Every structure is written in C-alpha cells, then in structure tokens.
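This report refers to the structure that appears directly beneath it.
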Amino acid sequence: MNKTTLNSSPEAPTPPKPIGRRAAAVRERERQRARQRMIRLASRGLLVVGVAALAAVLILAYRAAGPQKASSSPDMITKPAPDFTLKTTDGRDVSLSDFLGKKNVLLFFNEGYGCDPCWQQTAQLQKDQQTFAEMGVEVYAVMVDQPSLIKSEMTRWGLKTIPILVDQTTNVSKSYDALGGMHANKPDHKFVLISREGTILWAADYPTMRVDGDAVVKQVRTLVTSLQD
Numbered sequence: 200m201n202k203t204t205l206n207s208s209p210e211a212p213t214p215p216k217p218i219g220r221r222a223a224a225v226r227e228r229e230r231q232r233a234r235q236r237m238i239r240l241a242s243r244g245l246l247v248v249g250v251a252a253l254a255a256v257l258i259l260a261y262r263a264a265g266p267q268k269a270s271s272s273p274d275m276i277t278k279p280a281p282d283f284t285l286k287t288t289d290g291r292d293v294s295l296s297d298f299l300g301k302k303n304v305l306l307f308f309n310e311g312y313g314c315d316p317c318w319q320q321t322a323q324l325q326k327d328q329q330t331f332a333e334m335g336v337e338v339y340a341v342m343v344d345q346p347s348l349i350k351s352e353m354t355r356w357g358l359k360t361i362p363i364l365v366d367q368t369t370n371v372s373k374s375y376d377a378l379g380g381m382h383a384n385k386p387d388h389k390f391v392l393i394s395r396e397g398t399i400l401w402a403a404d405y406p407t408m409r410v411d412g413d414a415v416v417k418q419v420r421t422l423v424t425s426l427q428d
C-alpha cells in the first residue's frame, strides 16, 4: 500500500496588523508631548543659567560700588556730637561723655538683626579693633533690636570683643540722623567718628550696605592724624 507523502511548506509569517488611525494618533500625541517636555527642560536650564549669570553681574556691581557710594552728612561735621547713654548687650552703661578728653569714638549704626552685611561689617570692625585702639579710637556698633536677638547674632558671627550698644527707643539713632534707608524705624549703614573733644569729624551713610574694612581704617587714621598736626 503506497503512502502518499504530503509536502508541507512552512507557514508564512502573519503580517502585522495595520495600526488604526486612533492608535497612530495616540502615538503621535505621545511623541509630541515628549518633544514638548524636552523643550521645557531645555528652556528651564537656559533660564537657570541666565539667572545665575545675572546674579553674578549684580554681585560684581555690588562689590564694585564699595565705599565710594557713601552719602555724607556735611551738616554734621565739626558740630558737637549729641551726648547719649546706652547699655551694651551685657548690661554695661556707656556714655559719650565718658570719653571726652580721653579717646575718639567710632559709632557704626546699622540694621542689626536680619542684615548679614551689617554683621559682616561688625565682624570686620572687631578684627580691626586693635588697629583702632592704637589710634586712640573706641569702636561701638549701635543697633535698635532686642538684646536677645542681638546676642543670638553675636554668637552666630563669633563676636566677643566688640561692644554693641542697644538703642531700642531709637532716640540716639535719630539724634545722629541715622534712621531710614531700607527701613524707616532702623538705622541704615552709617559711620560717625567723634573726636575726644566731642565734635563730629566724619559722618557717612553707605546705602550699598558694605564698606571695605581697610577704607574705614584709612579714613579714620587720616582724620585722627590730622588732629595731631
């Protein structure tokens, strides 16, 4: 009995089903969304770079402004300095009259709590205390905040030797025309140098909130030396 051999050929692969219009539209939308996400991310990156560049420019401009941007108070020069008595943060009374005939006094009125440039300046004055002392100058920062707030910042900035006078009533700051600037009820960034005779030698406000420490030392040295000539 003859067996008939059937030649079986391999089955042809099933062709992929055509993508429906709806599925194609969905995939196209997904591609578009992906492209949009990439564009947004790139834009954000450029924005961050742009902001950083702008900040760098502003910082350089701020630093370049330096001490030459002072607003002087010529009406105060050579006039008698208003007397005062204020307490330091450790409760010690300090009166301007205590220094008459003995030492010159440099007052630094500033915003105090919440103003990092003010504390940086105060820290610089502390570093220069010995230099000022050799010139016969006592240095005091003047702030209008609560003593507890001032003390917390003194700890934060490592201030141990420079005395800070507390002027909570703001009366002393007013008498030296130091209030105003960024805040009506706080001093701006003002230096006042008083001679041992009790007259004002120098009064300058710095809206830039920064003065190079060497520039302050130089200014004080020049004025104190002129008294000895």
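Heads up: the sequence shown is residues 200 to 428, going by the working numbering.
Built from N, CA and C at the ideal position, the CB exists for glycine as well.
Computed from a predicted model, the values in this text were never measured in an experiment.
**Q.** Identity of the residue in 416, 387 and 426 nearest residue 311 by Cα
**A.** Across the set 416, 387 and 426, the C-alpha of 387 shows the shortest separation from the C-alpha of residue 311.
Q) For residue 298, which of helix, strand or coil comes out of DSSP? A) helix
Q. Of the choices 390, 405 and 399, whose alpha-carbon is the least far from that of residue 381?
A. 405
Q: Just the C-alpha distance for residue 384 and residue 235, rounded to the nearest angstrom, thanks.
A: 50 Å
**Q.** residue 374 and residue 281 closer than 7 Å at C-beta
**A.** yes
(Q) Buried or exposed, going by whether 16 or more other CB atoms sit within 10 Å of the CB of residue 303? (A) buried
Q.
Could you check whether the stretch 349-362 touches the stretch 399-419, counting it as contact only if at least three pairs of C-beta atoms, one from each stretch, sit closer than 8 Å?
A. no
Q) So residue 419 packs on residue 331, CB below 8 Å; how close in whole Å? A) 7 Å
Q: Look up residue 279 in the DSSP assignment and say whether it is helix, strand or coil.
A: strand
(Q) Please report the distance separating the alpha-carbon of residue 424 from that of residue 298. (A) 18 Å
Q. Since residue 402 and residue 275 are thought to touch, with beta carbons under 8 Å apart, how far apart are those beta carbons, to the nearest angstrom?
A. At roughly 4 Å, the Cβ-Cβ gap stays under 8 Å, so residue 402 and residue 275 are in contact.
Q | Backbone secondary structure at residue 337 - three-state DSSP | A | strand
Q.
Could you compute how far the alpha carbon of residue 283 sits from the alpha carbon of residue 340?
A. So the alpha carbons of these two residues sit roughly 14 Å apart.
Q: Determine the DSSP secondary structure at residue 326, reduced to helix, strand or coil.
A: If DSSP states are grouped into helix, strand and coil, residue 326 belongs with the helices.
Q | Alpha carbon of residue 337 to alpha carbon of residue 378, nearest angstrom | A | 22 Å
Q: Indicate whether residue 285 and residue 366 have their beta-carbon atoms separated by less than 7 Å.
A: yes
Q) How far does the beta strand (DSSP E) with residue 398 in it reach, from first residue to last? A) Unbroken run through residue 398: none, as it is neither H nor E.
Q: Taking residue 277 and residue 398 to be in contact with their CB atoms under 8 Å, please state how far apart those CB atoms are, rounded to whole angstroms.
A: 6 Å
Q) Can you tell which of 344, 354, 391 and 287 has the C-alpha that lies nearest to the C-alpha of residue 322? A) With respect to the C-alpha of residue 322, the residue from 344, 354, 391 and 287 having the closest C-alpha is 354.
Q | Buried versus exposed, by CB contacts within 10 Å (16 or more), residue 238 | A | exposed
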